[in-house]
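First residue of the sequence shown? That's 1 in UniProt numbering, and the numbers climb one at a time after it.
The beta-carbon is built from N, C-alpha and C at its ideal position, and this holds for glycine as well.
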Amino acid sequence: FKYESGAQEYVLKDVNLHIPAGQTVGIIGQTGSSKSTLVQLIPRLYEATKGDVFVDGVSVKEYSQAHLRDAIGMVLQKNLLFTGTVRENLQWGCENATDEEILWACRIAGVDEFLDRLPKGLDTFLDQGGVNVSGGQKQRLCIARALLKRPKILILDDSTSAVDTMTEAVIQRRMQEELPDMTKIIIAQRVSSVQKADQIVVMADGVVDAVGTHEQLLAHCEVYREICESQKQGGLEQ
């Protein structure tokens, strides 16, 4: 894949991955390794220059954009919250969601940890951009909103970067328990965010350097070991 057809260099090249339905897959790599670009090919935010992306054995080019939007939930590092109540913001994920469904999504996303502390709970008014909640709270609300869609594929693109590692671990455990059939793709900077994934994809300079479990990559992937070591030294893994 390359952004401009006339560009000499490909941003992504020689990528061949298979993600079974229901798996949790982590994608990690240094800044600039094209992690986000890779997953943006799934909902066709970009079109593959060569090759193809398949969902359920069918090329994404065969699906309508509306179908892909329904089937794929995507949460970015800096997702938007809108002016309105917490409930109204979450219902962007599912317009007719009941309070019971909203609270279900909130529990999985860790919103329940702070929801009762908001002045009016679900009826708390959020200013434009959600400036009256913290960065970590905003990210959890955006995850809950995506879960309300009940997508077949959930993509979390560094979307727990402002959440502490203990809360992040709780969110991931609840997703595994409550959403066993949902395919979950987690792009992260922190090793702790992906180390329990079924498989981890290590990206380097636009290519897949290695794929494996945390233990397999520690044993056989130098790039992964370097990332782990740098985070231990910098205290990021904790």
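Pick from the options that is closest to residue i, judged by C-alpha positions
i: T183; options: T167, I155 and D209; result: I155
i: A162; options: P180, K152, R150 and S193; result: S193
i: R145; options: D158, E88 and P43; result: E88
i: I27; options: H220, K232, D157 and T167; result: D157
i: S59; options: R69, T24 and R44; result: R44
i: L41; options: G22, V25, L90 and I72; result: I72
i: V25; options: C221, Q216 and I187; result: I187
i: V53; options: H18, M175 and V86; result: H18
i: C106; options: L80, L141 and G121; result: L141
i: T167; options: Q195, V131, E113 and R117; result: E113
i: Q195; options: K35, Q65, N96 and E215; result: E215
Where residue i falls: helix, strand or coil (DSSP)
i: G73; result: strand
i: F114; result: helix
i: G121; result: helix
i: D14; result: coil
i: I143; result: helix
i: G212; result: strand
i: K78; result: coil
i: T24; result: strand
Same chain only: Cβ atoms within 6 Å of residue i, ignoring 5 sequence neighbours per side
i: V15; result: V208
i: K152; result: A71
i: L122; result: V86 and R87
Sequence-distant residues of the same chain with beta carbon closer than 8 Å to residue i, five excluded per side
i: A204; result: G29, Q30, S33 and V223
i: Q8; result: none
i: L218; result: Y224, R225 and C228
Alpha-carbon to alpha-carbon, residue j and residue i
i: D164; j: G136; result: 8 Å
i: L90; j: G84; result: 10 Å
i: R173; j: V11; result: 33 Å
i: V75; j: V39; result: 11 Å
Residue i vs residue j beta-carbon contact at 7 Å
i: V170; j: G110; result: yes
i: Q128; j: S159; result: no
i: I108; j: E178; result: yes
i: K149; j: C94; result: yes
i: K2; j: T49; result: yes
i: L81; j: G130; result: yes
Contact with chain D by residue i, beta-carbon distance below 7 Å
i: T85; result: The structure shown contains no chain D, having only a single protein chain.
Close beta carbons around residue i, own chain, < 7 Å, minus the five adjacent residues each side
i: residue 321; result: In the structure as shown, the chain starts at 1 and stops at 238, and residue 321 therefore has no counterpart that could be examined.
i: N132; result: L126
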